Amino acid sequence: MVIAHRLSTVRDSDEIVVLEHGRIAERGRHEDLVAAAGPYAQLVKKH
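For the sequence shown, this note's numbering gives the first residue as 1424, with consecutive numbering after it.
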């Protein structure tokens, strides 16, 4: 398990878990989360 604030750290992970307000907002691989257009995709667009 890795906890990170930098997208480059987690981009190649087998599974990414995105937390919002202490709860799991979404989870999956980088490609899937970007395609889902959720909170993770918004972070990728900003950076």
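Backbone N, C-alpha and C define an ideal beta-carbon position, used for all residues, glycine too.
Note that this is a predicted model, so its numbers are computed, not measured.
Three-state secondary structure (DSSP) of Glu-1449: Three-state DSSP puts Glu-1449 in a strand.
Near Glu-1443, which residues of its chain fall below 7 Å by C-beta distance, leaving aside the five closest residues on each side in sequence? Pro-1462
Starting from Val-1467, trace the alpha helix (DSSP H) in both directions and tell me its first and last residue. DSSP places Val-1467 inside the alpha helix (DSSP H), whose first and last residues are 1462–1469.
Can you name the start and end residues of the alpha helix (DSSP H) that Ala-1433 belongs to? One detail in the question is off: residue 1433 reads as Val in this sequence, not Ala. Counting along the chain, the alpha helix (DSSP H) containing Val-1433 begins and ends at 1430–1433.
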